[in-house]
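Engineer: Let me give you the structure first, and then I'll get to my questions.
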Amino acid sequence: MITQYFAQKKLLFLSITFEISSIYLLFFSKDFTGKIFAVLILHTLASITLSQIVWLILPKRYKKPFPLSLISLFVIVFSTPIVSYIALIILYIILKKQKPKTAYPFNHFSIWKGLEELRIPKRKFGEAAIIELVRNTKIPAEKRLKAFIFLTEAISPETVQLLKLGLSDPNDEIRLLCFSELSKIEKKITSSIHYYMNILENAKDDKEYLDALENLAKSYWEAVYLGIGDEEINKYYINQTYKYALKAIEFAEEKNLQVDPHVILILGKINLLKGDYESAERLLRETLDSNIPKFEVIPSLAKLYYEKGEFSKVKELFMKYPYLRYDFDIYPIYALWSGE
Numbered sequence: 063m064i065t066q067y068f069a070q071k072k073l074l075f076l077s078i079t080f081e082i083s084s085i086y087l088l089f090f091s092k093d094f095t096g097k098i099f100a101v102l103i104l105h106t107l108a109s110i111t112l113s114q115i116v117w118l119i120l121p122k123r124y125k126k127p128f129p130l131s132l133i134s135l136f137v138i139v140f141s142t143p144i145v146s147y148i149a150l151i152i153l154y155i156i157l158k159k160q161k162p163k164t165a166y167p168f169n170h171f172s173i174w175k176g177l178e179e180l181r182i183p184k185r186k187f188g189e190a191a192i193i194e195l196v197r198n199t200k201i202p203a204e205k206r207l208k209a210f211i212f213l214t215e216a217i218s219p220e221t222v223q224l225l226k227l228g229l230s231d232p233n234d235e236i237r238l239l240c241f242s243e244l245s246k247i248e249k250k251i252t253s254s255i256h257y258y259m260n261i262l263e264n265a266k267d268d269k270e271y272l273d274a275l276e277n278l279a280k281s282y283w284e285a286v287y288l289g290i291g292d293e294e295i296n297k298y299y300i301n302q303t304y305k306y307a308l309k310a311i312e313f314a315e316e317k318n319l320q321v322d323p324h325v326i327l328i329l330g331k332i333n334l335l336k337g338d339y340e341s342a343e344r345l346l347r348e349t350l351d352s353n354i355p356k357f358e359v360i361p362s363l364a365k366l367y368y369e370k371g372e373f374s375k376v377k378e379l380f381m382k383y384p385y386l387r388y389d390f391d392i393y394p395i396y397a398l399w400s401g402e
């Protein structure tokens, strides 16, 4: 910085010397031809040195592209002999008074994490084509096996039903794959139930006891939601979900603890399955006012109003939350009721 400061002073001194010399020759030299030539040379040298000074003190963003920025400065300085020196003084004062900008910390956002949170359905075979590949036994077994393998990548109530269909498939590999995948899903749910049942029996405090009740309700609900069992087993899962969800809510009220709103939502859905519309509506309305995303609650509430025959309320519900059109799963229902 010190070296640059002295270099700038030296260049400024040279520039002023050249400029004064050119002015002196212009007014006091008698040889017209000689003085014009000398004045041009001296003014050119003065302009070159002054443009270098200006270029050095300019912020980095104005120095690009090089050397075009330097040439532009030279042209401006050369065409304004006296004004350029006044402009240099003004520029120096302005830059001197400028305060450095505060560099605020920048929070980085992982795009991959964001994409994982987006609810975008996978489309490897095209819509509906996967069902045709699974059900049509005339299609080559290799293609059908790939279709079943794809089903195992995105477990949902629909894929579970298709995997169940594969249990009676004539192809041995497909039957084995479907049985293995369904067993894996069921084992995962059963292990979760046993784990939280053990915590429930050995809970050290009320908070741990409540957590165990909530997670038992969620585990049984997963079995209900996926439809992993047959009709009789599914009834058992529904009753167990109802039992532990209700216990969790009552225990939280008794001990003045905060219950997970998802448990209230689950109990609302179970009441809807049981046909208890009054309790279901009360619970679903309660979760609608919680921090649970609306797209998790609205479909159940809309189903409730539909089953009750209150169709105007279904439309009113979707019109109240127009942003639901951006949810891939809800959009077809939204479009139907909103008239899009």
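For the numbering used here, count along the sequence shown from 1 and bump the result up by 62. Glycine included, each C-beta is placed from N, C-alpha and C at the ideal position.
1) For Lys309, which residues of its own chain have a beta-carbon under 6 Å away from its beta-carbon, when the five flanking residues on both sides are left out?
2) Find out if the Cβ-Cβ distance for the pair Gly289, Pro219 is shorter than 8 Å.
3) CB-CB under 6 Å to Leu224, same chain, minus the five flanking residues each way: which ones, in chain order?
4) Once the 5 residues before and after Lys322 are set aside, which same chain residues still bring their CB inside 7 Å of it?
5) May I ask which residues mark the beginning and end of the alpha helix (DSSP H) holding Arg237?
6) Assign Arg387 to one of two classes, buried (16 or more other C-beta atoms within 10 Å of its C-beta) or exposed (fewer than that).
7) Helix, strand or coil for Tyr383, going by three-state DSSP, please let me know.
8) For the alpha helix (DSSP H) containing Pro323, name the first residue and the last one.
9) Closest to Tyr282 by C-alpha separation, out of Met259, Tyr383, Ile119, would be which residue?
10) For Pro355 and Asn301, what's the separation of their Cα atoms in angstroms?
11) Would you say the region 252 to 268 touches the region 228 to 236, given that touching needs at least three Cβ pairs under 8 Å?
12) What is the rounded straight-line gap between the Cα of Ala285 and the Cα of Ile251?
13) Which value, in whole angstroms, describes the spacing of the CA atoms of Phe357 and Ile119?
14) For the candidate residues Gly291, Lys377, Glu343, Leu112, whose alpha-carbon lies nearest to that of Ser245?
15) Near Leu239, which residues of its chain fall below 6 Å by C-beta distance, leaving aside the five closest residues on each side in sequence?
16) With 16 as the cutoff for other CB atoms within 10 Å, does Glu294 come out buried or exposed?
17) Count the other CB atoms, across all protein chains shown, that sit within 10 Å of the CB of Pro394; report buried if there are 16 or more and exposed otherwise.
18) So Tyr383 and Leu366 are supposed to be a Cβ contact under 8 Å. How far apart are they, rounded?
19) For Ser362, is the classification buried or exposed, using 16 other Cβ atoms within 10 angstroms of its Cβ as the cut-off for buried?
20) When the Cα atoms are used, what is the spatial distance from Glu204 to Ile193?
21) Can the beta-carbon of Ser134 be found closer than 8 Å to that of Leu104?
22) Starting from the Cα of Ala216, find the closest Cα among Glu243, Lys249, Tyr304 and give me that residue.
23) Tell me which same chain residues have a C-beta within less than 8 Å of the C-beta of Tyr271, skipping the five on either side of it?
24) Quick check: the Cα distance between Leu327 and Leu345, rounded to an integer number of angstroms?
25) Could you tell me whether any Cβ in chain B is nearer than 8 Å to the Cβ of Lys365?
26) Locate the alpha helix (DSSP H) running through Gly228, then write down its first and last residues.
27) Compare the Cα-Cα distances from Ser253 to each of Leu319, Val376, Leu278 and report the closest residue.
28) What's the gap between the Cα of Asn198 and the Cα of Ile236?
29) Looking only at its own chain, which residues have a Cβ that is under 6 Å from the Cβ of Thr349, when we skip the five neighbours before and after it?
30) Measure from the alpha carbon of Gln114 to the alpha carbon of each residue in Val139, Ile98, Leu102, then state which is nearest.
31) On the DSSP letters alone, give me the boundaries of the alpha helix (DSSP H) that Gln302 sits inside.
32) Here's a check: name, in chain order, each residue in its chain whose Cβ is nearer than 8 Å to the Cβ of Asn353, leaving out the five neighbours to either side.
33) Judging by CA-CA distance, which residue of Met381, Leu334, Tyr396 is the nearest neighbour of Lys370?
34) Between which residues of its own chain and Ile392 is the CB-CB distance below 8 Å, once the five residues before and five after are set aside?
Structural biologist: Put simply:
1) Only Leu275 meet the Cβ criterion.
2) Their beta carbons are under 8 Å apart, which means Gly289 touches Pro219 by this criterion.
3) Within the same chain, Leu224 has close Cβ partners Val196, Leu213.
4) One detail in the question is off: residue 322 reads as Asp in this sequence, not Lys. Correct list, in chain order: Glu276.
5) 234 to 263
6) exposed
7) coil
8) 323 to 336
9) Met259
10) 26 Å
11) no
12) 7 Å
13) Phe357 and Ile119: Cα-Cα distance of roughly 58 Å.
14) Among Gly291, Lys377, Glu343, Leu112, the Cα nearest to that of Ser245 is on Gly291.
15) Phe210
16) exposed
17) exposed
18) With a Cβ gap of about 16 Å, Tyr383 and Leu366 do not count as contacting.
19) buried
20) 15 Å
21) no
22) Glu243
23) Leu262, Ala265, Phe313
24) 7 Å
25) Annotation note: the requested chain B is absent from the structure, which comprises a single protein chain.
26) Element bounds for Gly228: 219 to 228.
27) When each option's Cα is compared against that of Ser253, the closest is Leu278.
28) Approximately 13 Å between the Cα atoms of the pair.
29) Contacts found: Pro323, Ile326, Leu327, Val359.
30) Val139
31) 293 to 316
32) Pro323
33) Out of Met381, Leu334, Tyr396, Leu334 has the C-alpha closest to the C-alpha of Lys370.
34) Within the same chain, Ile392 has close Cβ partners Phe357, Ile360, Pro361, Leu386.
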